[in-house]
Amino acid sequence: MHASWMKMSVVGLLVFVLVVAACSGSDLPTVSPGTVMLTLARQAKARGEFTTATGLYRQARTLLTNEGNNDDALECLNSLRDIQLIKAQYPYRLDETRAMLADAFPQVMPEEREAWITQGKLESTVIDGEARFFADFVSNVKFRNVDLFRQDAKMYKGYEDHYKLLKQIMDAGPGADPWQPFIRPISYTATCTLAVPRGKLPAGGILKLWFPIPIVTGPQRNVSVLSITPMTYVKGSPSIDQDIGLIYMEVPLAELTQDLNIVIRFTFDHYEQWFQIDPDRVGAYDRESDLYLRYTASYGNIAVTDEIRQTAQTVIGGETNPYRAAKKLYDYLLSTVTYSFMPHLALWPRGEPESAYVHRNRYGDCGAQSMYFSALCRSVGIPARTTGGWQLFTGNLSGHFWAEFYLPNYGWIPVDPTAADMVGYLTDVSDQDKKAFQNFFFGNQDHFRCNVQKDVDVPFIPPSRERPFMTLAVQYPAATCDTMEDDPGVMILDYWSTKVSVN
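604 is the number of the first residue of the sequence shown in this note's numbering; add one for each residue after it.
Right under this line is the structure:
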């Protein structure tokens, strides 16, 4: 009934547009059929009618391409991929969700499991008039219920092993020179491989790829790209000295007769960070500097909303020292936000900014909590950013982000709320040791890291016209290809691998 009505309304509107275009005088603007179809597609998408919107966007893209309106045709392609990604973030129907909860938590009474659903304890959205639930809701239930987390032996042991490893660094203490915060580096070499079967790629078009690589920062030095195989596709120099580390390639698919195989090798040193800060020796900010203006601005996923600003001001009270104020904001975050996986692909630029999402829901993963901390700091005039790329706790490159705030006379101070928070799940650690561990990650950091970018939402080098599936962070190759409707960045994930060794 609804589909047939929509078909009739589309046809009727197109006929109306053509009649108006034929009868109107030259002084009246005309609206093309492609533009009308695009308007209908936008409206359907805004209502959450994704199946209808998909059909409309496809029709609009064809019409707009034929009309020579390439910008709006590109919007259609981006929106088609947005719909796919949002649906992938929320794949489960209500009956599937109930069954998965019963299977994962048979020890929990059915009434309690049902309350998780009815009381909004599980992330969900409405797609085509039906509730759909977040892909990682089972893990999030464990993160949000400490007893259930502790019953998962694998998750518990992972946290326990990470804590023991990081505590060794904490117990080793800082270096002898309080003005040298970077000590005890580890030198790493990584090999990253993309091996895509030829049949997974279209016959023609240009596959554009942005590969993540380390950048030079305070705690990260001696960055070098050792080899790129083949060099044929490389366009430009690796951006190891920029705000984001990328190697950009273009693959002409019409010339690709075999599987796509690309191997990149790089090396870098990463230092522990130990900042011994005297709050009374923190200098004054230059509030007109580029650094201050950039890192106190509201932008992208570090959105400074009125609610975030009001909360930050309440938390810091009358504190004017930026170090002490940042510590209050850090303690506030640890006490009010619970670790959870995030529907990143459904958030900004496709939806709500991450900082606002965390503020509203009190949930967030490493990047989301760090973006929230950065927004809290920025809202009270403390420059802050969310940096990262990978962690190497597990001996391989695994996605991780953390925060930094800037202090005059000291520089960028590391803050890692989710590394600090893991100790809260452990049963055999005293309250005193838990507090010491949490305090360590305010101003200090281990060397199991690799910085790929200085902040989130950094523009690609070179910029991309199409919207990559993950815009806030590049932890695996970003990809675009205008001859593919499906997002190529998602497809190539299955064919990406990394290996790391300590030199």
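All C-beta atoms, glycine included, are put in the ideal place defined by N, C-alpha and C.
Run of the beta strand (DSSP E) containing residue i, from where it starts to where it stops
i: Ala1081; result: Ala1081 to Thr1083
i: Val873; result: Residue 873 is actually His in this sequence, not Val. Element bounds for His873: Leu863 to Trp877.
i: Tyr902; result: Careful: Tyr902 lies outside any beta strand (DSSP E) and carries neither H nor E.
i: Ser635; result: Neither: Ser635 is in no beta strand (DSSP E) and is coded neither H nor E.
i: Ser827; result: Gln823 to Thr832
i: Gly1014; result: Gly1014 to Val1018
i: Pro855; result: Leu849 to Pro855
i: Pro815; result: Ile809 to Pro815
Residue span of the alpha helix (DSSP H) that contains residue i, given as start and end
i: Glu1007; result: Here Glu1007 belongs to no alpha helix (DSSP H); instead the beta strand (DSSP E) covers Ser1001 to Leu1010.
i: Thr997; result: Per DSSP, Thr997 belongs to no alpha helix (DSSP H) and is neither H nor E.
i: Arg897; result: Asp893 to Tyr898
i: Pro713; result: Pro713 to Thr721
i: Tyr766; result: Ala756 to Ala775
i: Arg963; result: Glu957 to Asn964
i: Tyr660; result: Phe653 to Asn669
i: Ile919; result: Asp909 to Ile919
i: Arg701; result: Leu697 to Ala707
Exposure label - residue i; buried when at least 16 CB within 10 Å
i: Lys1038; result: exposed
i: Thr655; result: buried
i: Trp1144; result: Look at the range of the chain in this structure, 604 to 1106, and you will see that residue 1144 is not part of it.
i: Asp1090; result: buried
i: Ile847; result: buried
i: Ala625; result: Model confidence at Ala625 stands at a pLDDT of 49, short of 50, so the residue's coordinates are unreliable and nothing is read from them.
i: Asp881; result: exposed
i: Arg927; result: exposed
i: Glu891; result: exposed
i: Leu768; result: exposed
i: Asn1106; result: exposed
i: Thr832; result: exposed
i: Gln548; result: Since the first residue of the chain shown is 604 and the last is 1106, residue 548 is not available in this structure.
i: Asp685; result: buried
i: Met1120; result: No statement about residue 1120 is possible, as the shown extent of the chain runs from 604 to 1106 and does not include it.
i: Gln1041; result: buried
One or two residues paired with residue i in a DSSP bridge
i: Ala987; result: Phe1008
i: Ser1107; result: One cannot answer for residue 1107 here, as it falls past the ends of the chain, which runs 604 to 1106.
i: Lys1102; result: Thr794
i: Asn681; result: None; Asn681 has no bridge partner.
i: Gly992; result: His1003 and Asn1054
i: Gly1046; result: Beta-bridge pairing links Gly1046 to no other residue.
i: Thr941; result: Tyr966
i: Ile1095; result: For Ile1095, which the question treats as bridged, DSSP gives no partner whatsoever.
i: Phe785; result: Gln876
i: Gly799; result: In the sequence on display, residue 799 carries Val and not Gly. Looking at the DSSP assignment, Val799 forms a beta bridge with Leu863.
i: Val1061; result: Note: Val1061 sits in no beta bridge, so no partner.
i: Glu837; result: For the record, residue 837 in the displayed sequence is Val; it is not Glu. Its beta-bridge partners are Met852.
7 Å Cβ shell around residue i - same chain, five flanking residues per side excluded
i: Tyr895; result: Tyr888, Asp889 and Pro986
i: Asp745; result: In the sequence on display, residue 745 carries Lys and not Asp. Hits under 7 Å: Leu751, Phe752, Asp755 and Met758.
i: Met1025; result: Tyr762, His765 and Tyr766
i: Phe878; result: Pro784, Tyr1013, Ile1016, Gly1046 and Asn1047
i: Thr899; result: Arg981, Gly984 and Pro986
i: Ser958; result: Asn904, Ile905, Ala906, Ile911, Met974, Tyr975 and Ala978
Close-in-space but distant-in-sequence residues of the same chain around residue i (CB under 6 Å, 5 per side omitted)
i: Glu670; result: Ser635 and Gly637
i: Leu697; result: Ala734
i: Gln857; result: In the sequence as displayed, the identity of residue 857 is Ala instead of Gln. Excluding positions up to five away in sequence, the list reads Gly807.
i: Phe1044; result: Asp1019, Ala1022 and Ala1023
i: Gly1092; result: Pro1071, Phe1072, Ala1081 and Ala1082
i: Ser1104; result: Thr792
i: Tyr966; result: Thr941 and Ser943
i: Met604; result: Unreliable placement is indicated for Met604, whose pLDDT of 42 sits below 50; no coordinate value is reported for it.
i: Gly839; result: Tyr851
i: Asn924; result: Pro882
i: Leu849; result: Trp813, Ser842 and Ile1064
i: Ser827; result: Thr870
Neighbourhood of residue i by C-beta distance below 8 Å, restricted to the same chain and skipping five residues each side
i: Arg884; result: Asn1012
i: Leu829; result: Thr792, Arg868, Phe869 and Thr870
i: Ser627; result: Residue placement at Ser627 is poorly supported in this model, since its pLDDT is 48, which falls under 50; the coordinates still yield a value, given next. The residues are Thr633.
i: Ser1067; result: Lys811, Trp813, Ala1081 and Thr1083
i: Asn999; result: Thr1101, Lys1102 and Val1103
i: Asp844; result: Ile818 and Val819
Any C-beta of chain C under 9 Å from that of residue i
i: Pro986; result: The structure shown contains no chain C; it holds only a single protein chain.
Can we say the segment 972-985 touches the segment 993-1003, given the rule of at least three CB pairs closer than 8 Å?
no
Is it a yes or a no for the segment 816-834 touching the segment 893-910, going by three-plus beta-carbon pairs under 8 Å?
no
Cβ contact check for the segment 1086-1100 and the segment 799-813: 3 or more pairs under 8 Å
yes
Is it the case that the segment 677-690 contacts the segment 651-667, given that we only count it when at least three CB pairs across the two stretches are under 8 Å?
yes
With contact counted as at least three CB pairs below 8 Å, one residue from each stretch, are the segment 937-952 and the segment 990-998 in contact?
no
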